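Input: a single structure, listed below in structure tokens.
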Amino acid sequence: MNAVSNIYLIIFLPLISSLLCQLFSKRFLPFVIALSSCILLFFLTLNILPDVLTYEKISNDFELSPLSITLEFKVDVLSIIFLLLIIFLKIVILFYYRSDIEKYLDKKNSKIFYSVYLLHMFALVGIFTTNNLLNLFLFFEIYSFAFFANLSISKDLKISKISFKYFCLNASSSLLILFCFLTIYMSLGEVNLDRIAENLLLIKGQNEWFLISIFLLLTIAFFVKFFPFWLYFENLKNTNLIADFLAIDSIFIKTNIGIYVVLKFLYFFFDDSGGLIAKLKFAPILIFFSLILIFYSAVKLYQQKHLKLISAYSCLNNLGFIFVCLALQTTESFQAAFFYILNFSLVNFLIFLFATFIKRYFKTSSISKIWLIRKNHFLLVLPIKLLIFSIAAFPLTLLFFANWYLAYASFKIGFEALILVALVASSFVNISLATKLIFSFTARNNSEEKMPILGLKKYQFYLMSFWFLTIMIYFLSLNFSLTNNMSLRFASYLLSNIF
Numbered sequence: 061m062n063a064v065s066n067i068y069l070i071i072f073l074p075l076i077s078s079l080l081c082q083l084f085s086k087r088f089l090p091f092v093i094a095l096s097s098c099i100l101l102f103f104l105t106l107n108i109l110p111d112v113l114t115y116e117k118i119s120n121d122f123e124l125s126p127l128s129i130t131l132e133f134k135v136d137v138l139s140i141i142f143l144l145l146i147i148f149l150k151i152v153i154l155f156y157y158r159s160d161i162e163k164y165l166d167k168k169n170s171k172i173f174y175s176v177y178l179l180h181m182f183a184l185v186g187i188f189t190t191n192n193l194l195n196l197f198l199f200f201e202i203y204s205f206a207f208f209a210n211l212s213i214s215k216d217l218k219i220s221k222i223s224f225k226y227f228c229l230n231a232s233s234s235l236l237i238l239f240c241f242l243t244i245y246m247s248l249g250e251v252n253l254d255r256i257a258e259n260l261l262l263i264k265g266q267n268e269w270f271l272i273s274i275f276l277l278l279t280i281a282f283f284v285k286f287f288p289f290w291l292y293f294e295n296l297k298n299t300n301l302i303a304d305f306l307a308i309d310s311i312f313i314k315t316n317i318g319i320y321v322v323l324k325f326l327y328f329f330f331d332d333s334g335g336l337i338a339k340l341k342f343a344p345i346l347i348f349f350s351l352i353l354i355f356y357s358a359v360k361l362y363q364q365k366h367l368k369l370i371s372a373y374s375c376l377n378n379l380g381f382i383f384v385c386l387a388l389q390t391t392e393s394f395q396a397a398f399f400y401i402l403n404f405s406l407v408n409f410l411i412f413l414f415a416t417f418i419k420r421y422f423k424t425s426s427i428s429k430i431w432l433i434r435k436n437h438f439l440l441v442l443p444i445k446l447l448i449f450s451i452a453a454f455p456l457t458l459l460f461f462a463n464w465y466l467a468y469a470s471f472k473i474g475f476e477a478l479i480l481v482a483l484v485a486s487s488f489v490n491i492s493l494a495t496k497l498i499f500s501f502t503a504r505n506n507s508e509e510k511m512p513i514l515g516l517k518k519y520q521f522y523l524m525s526f527w528f529l530t531i532m533i534y535f536l537s538l539n540f541s542l543t544n545n546m547s548l549r550f551a552s553y554l555l556s557n558i559f
């Protein structure tokens with residue numbers, strides 16, 4: 061009962077806090093409310109983690125109406141892992157951009173920003189906890205509304221053009237998702253995701269073309285909606301505050317939602333006997349396109365000297381390996397996917413934040429500028445020095461464990477052996493990148509260019525966000541027994557409940 065009460069609080073808290081941000085006139089209070097709400101969310105979610113790991117899921121289904129927003133929920137191993145990860149990222153984002161929000165937004169817009177930020181959080185919690193098909197669509201749309209509402213604060217013409225193009229694509233994908241969801245509801249008469257999965261298993265042999273059509277339409281819609289990497293690259297040179305939020309949301313938040321949704325819906329099309337996707341030979345196709353993505357991103361990553369691009373291509377590289385892991389469908393490959401998701405969300409995110417920091421002061425995110433920060437602000441650059449071990453995949457790092465488990469899963473005679481080649485190529489590129497960073501730290505540059513002198517009050521939020529991420533990365537890396545146990549629970553849940 062305590063866990064159920066906490067889940068209700070987790071769902072409602074961001075929505076209530078969003079409204080509270082509009083009630084207070086003091087400028088600092090919306091930030092305090094937003095930060096306190098996110099921190100409380102994190103600890104409430106952490107509090108129910110032992111119960112979820114014990115029972116594998118906590119659900120509550122009142123069956124009152126198809127559109128009940130929070131009366132029907134399901135928190136399982138998969139959803140709680142992603143929920144903890146996203147909430148942590150949201151806390152770091154609040155700290156990092158605190159100074160910029162105060163600088164670039166007036167009192168009215170800052171209140172709007174924090175309210176919409178918490179509404180965004182409400183939608184994310186809803187996506188990860190709902191067990192109702194129509195509710196899921198509703199939370200998708202609340203999430204999109206909050207995303208575009210924050211973009212509207214920006215007065216940048218380029219951001220407005222990019223957001224309008226994405227709005228059109230997002231609207232198209234929403235219509236596709238709605239069509240698929242309504243088709244499923246009209247065919248099966250169910251909105252509960254578990255019951256839909258059971259009913260789809262019963263009709264697989266009779267209506268395969270119906271399932272294939274739904275599967276392909278959902279694949280296209282989810283790809284457009286949750287993997288919009290082009291938004292990041294189109295907005296690369298923009299240092300606008302809202303542009304940075306657009307980049308973070310498009311490459312880190314949306315992609316994690318996309319991975320979760322892909323996993324959530326895969327069990328509609330897989331079963332123990334092989335099912336629809338096995339007949340379509342989908343796994344080799346997924347591996348093939350994932351390998352193309354891995355090799356492409358590895359080549360581009362090897363050529364880069366700008367940290368923003370390095371972060372983006374590292375994300376693409378990790379994403380390729382995540383999809384390879386899902387295609388292999390073994391315990392070891394799912395453990396590898398767990399570590400790749402952590403590396404994607406934490407290590408690459410820290411690189412991105414550091415890149416935006418040096419770009420703000422030097423108009424470039426080139427590695428060659430790091431020596432200036434090293435020279436003037438030791439504490440700011442120390443997290444990146446410590447991150448070199450993770451980038452190079454040294455033993456006892458997240459990327460090392462990911463590569464280790466994937467290599468173990470790929471020792472087969474056949475198409476899967478190409479994955480080992482991709483691992484070797486990516487490892488070489490990562491070591492090369494780590495070497496570039498080391499040379500940048502040790503270089504003695506005679507240039508007279510100086511780092512702007514920042515007081516502690518001006519860079520304290522940057523410093524805290526860097527160290528929050530660094531501490532979390534090393535906590536997860538060095539507590540291998542804890543992290544490995546979580547990866548095993550993640551893998552076993554996927555094998556027993558989805559695949």
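For the numbering used here, add 60 to where a residue sits in the sequence shown, where the first one is 1. We treat Cβ as the ideally placed atom computed from N, Cα and C, and that holds for glycine. Just so it is clear, the structure is predicted and the values come from calculations on it, not from any experiment.
Could you say which of the options lies nearest to residue i if we only look at CA atoms?
| i | options | result |
| --- | --- | --- |
| valine 441 | Leu493, Ser525 and Phe461 | Ser525 |
| phenylalanine 207 | Phe197, Leu196 and Ser223 | Ser223 |
| alanine 469 | Leu194, Gln389 and Ile244 | Gln389 |
| glutamine 395 | Gln364, Ser552, Glu132 and Tyr68 | Ser552 |
| isoleucine 347 | Ala477, Ser234 and Phe312 | Ala477 |
| lysine 360 | Pro74, Lys150 and Ser492 | Ser492 |
| phenylalanine 182 | Phe535, Tyr362, Glu201 and Asn169 | Glu201 |
| leucine 529 | Tyr68, Ser428, Val407 and Phe471 | Val407 |
| isoleucine 430 | Ile498, Ala231, Val322 and Ile345 | Ile498 |
| leucine 410 | Trp527, Leu379 and Met246 | Trp527 |
| leucine 109 | Val135, Ala281, Leu235 and Phe275 | Val135 |
| serine 374 | Ser393, Leu353, Glu392 and Ala467 | Leu353 |
| alanine 462 | Thr424, Phe404 and Thr190 | Phe404 |
| valine 152 | Ala94, Lys168, Lys163 and Phe227 | Ala94 |
| serine 190 | Ala482, Ile140 and Tyr522 | It is threonine, not serine, that sits at residue 190 in the sequence shown. Checked all of Ala482, Ile140 and Tyr522; the closest Cα to threonine 190 is Ile140. |
| isoleucine 448 | Val489, Leu235 and Ala209 | Val489 |
| tyrosine 4 | Leu548, Val92 and Ser357 | In the structure as shown, the chain starts at 61 and stops at 559, and residue 4 therefore has no counterpart that could be examined. |
| lysine 365 | Leu446, Ser426 and Asn107 | Ser426 |
| phenylalanine 270 | Pro288, Leu248 and Ala281 | Leu248 |
| phenylalanine 199 | Lys368, Leu483 and Val185 | Val185 |
| asparagine 66 | Lys86, Phe103 and Leu154 | Phe103 |
| serine 556 | Lys117, Glu132, Arg420 and Leu145 | Lys117 |
| valine 484 | Lys167, Leu351 and Leu542 | Leu351 |
| phenylalanine 287 | Ala303, Ile274, Phe312 and Glu162 | Phe312 |
| phenylalanine 550 | Thr315, Ser96, Leu113 and Leu83 | Leu113 |
| isoleucine 99 | Leu138, Ile146 and Phe133 | Ile146 |
Using DSSP's beta-bridge definition, name the partner residues of residue i.
| i | result |
| --- | --- |
| isoleucine 313 | Paired residue(s): none; isoleucine 313 is not in a bridge. |
| asparagine 120 | Phe133 |
| asparagine 252 | Asn192 |
With DSSP run on the structure shown, which of helix, strand or coil describes residue i?
| i | result |
| --- | --- |
| lysine 218 | helix |
| threonine 543 | helix |
| asparagine 191 | coil |
| glycine 334 | Note on glycine 334: pLDDT 44, under 50, position unreliable in the model; no value is reported. |
| serine 125 | Caution applies to serine 125, whose pLDDT of 48 falls short of 50 and renders its modelled position unreliable; the value that the coordinates give is listed next. Residue state, collapsed to three classes: coil. |
Q. For the segment 408–471, which segments carrying the alpha helix (DSSP H) assignment without a break, of at least 4 residues, lie completely within its bounds, in sequence order?
A. 408–422, 430–436, 438–451 and 458–469, all fully within the segment 408–471.
Q | Complete alpha helix (DSSP H) runs within the segment 127–188 (minimum length 4 residues, chain order) | A | Segments of the alpha helix (DSSP H) lying fully in the segment 127–188: 137–156 and 158–164.
**Q.** Stretch-stretch touch, CB-based, cutoff 8 Å, three pairs: the segment 74–81 with the segment 151–158
**A.** Verdict: no, contact absent.
Q. Looking at C-beta atoms only, is the number of pairs between the segment 218–232 and the segment 248–261 that lie closer than 8 Å three or more?
A. At 8 Å Cβ cutoff, the stretches do not touch.
Q: Determine, using beta-carbon pairs with one atom in the segment 300–316 and one in the segment 408–416, whether at least three such pairs fall under 8 Å.
A: Short answer: they touch.
Q. Is there contact between the segment 395–404 and the segment 374–381, where contact requires at least three CB pairs shorter than 8 Å?
A. A contact exists between the segment 395–404 and the segment 374–381.
(Q) Would you call the segment 451–458 in contact with the segment 316–327, where contact means no fewer than 3 C-beta pairs closer than 8 Å? (A) No, the segment 451–458 does not touch the segment 316–327.
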